[in-house]
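Numbering (this note's numbering), first residue to last: 27 to 184. All C-beta atoms, glycine included, are put in the ideal place defined by N, C-alpha and C. Shown next, in structure tokens, is the structure this report addresses.
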Amino acid sequence: MNAYRAKPLRYPWPPMLYLTSILTAMLAGRIAQLPPIPSPFPFVLPSLGFAIAMLAVTLDIWAVRTLMQRQTAVLDSGCARYLVTCGPFRFSRNPIYLGYTLFTMALGLISGNSWFFIAAILSVTATRVIAIPSEERHLEARFGFDYETYRKRTRRWI
Numbered sequence: 027m028n029a030y031r032a033k034p035l036r037y038p039w040p041p042m043l044y045l046t047s048i049l050t051a052m053l054a055g056r057i058a059q060l061p062p063i064p065s066p067f068p069f070v071l072p073s074l075g076f077a078i079a080m081l082a083v084t085l086d087i088w089a090v091r092t093l094m095q096r097q098t099a100v101l102d103s104g105c106a107r108y109l110v111t112c113g114p115f116r117f118s119r120n121p122i123y124l125g126y127t128l129f130t131m132a133l134g135l136i137s138g139n140s141w142f143f144i145a146a147i148l149s150v151t152a153t154r155v156i157a158i159p160s161e162e163r164h165l166e167a168r169f170g171f172d173y174e175t176y177r178k179r180t181r182r183w184i
């Protein structure tokens, strides 16, 4: 297989999957509310949610900046020019998806809408099934042994 032709995805699915899940959770929260998350103090969960949201946004910005500095594709539909193993990619093979997931869960804590946690689980599952296998095939075809070594030493999520 030609590694340059083995693009990971034709369409950047993960951002759309997470956006769709967030919008669906918002709609579901209006139609059929789930029991709220219990908290001893009303400000604790929203404050925790804001902290997690800041962490998620920081992680995403760090990951995108690292990819741009290494002059490789940020969107899943582009061909990777370099195998990036520094920055947040030292700790996670998918730090951007991890950031999306954390942000979705943070919205649940901020809003008190439990549907966001269900949305996060569904988004992780859909990303795991739709996007990650083709991305990993692309990286394996493109970088071979180097990617195998990276994959063995770095966890997929955290």
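Under the three-pair Cβ rule at 8 Å, the stretch 136-154 counts as touching the stretch 41-60.
In its chain, beyond the 5 residues on either side, R96, Q97, T98 have a beta carbon closer than 8 Å to the beta carbon of Y108.
Between Y173 and E166, the C-beta spacing is below 8 Å. Taken through DSSP and simplified to helix, strand or coil, Y108 comes out as coil. For the stretch 28-91, the continuous alpha helix (DSSP H) assignments of 4+ residues that do not extend past its boundaries occur at 39-57, in sequence order.
Proximity to M80 across L101, L128, L45 peaks at L128, based on C-alpha coordinates.
Here R181 carries a coil assignment [DSSP, helix/strand/coil]. Our two residues, M131 and V90, have alpha carbons roughly 21 Å apart in a direct line.
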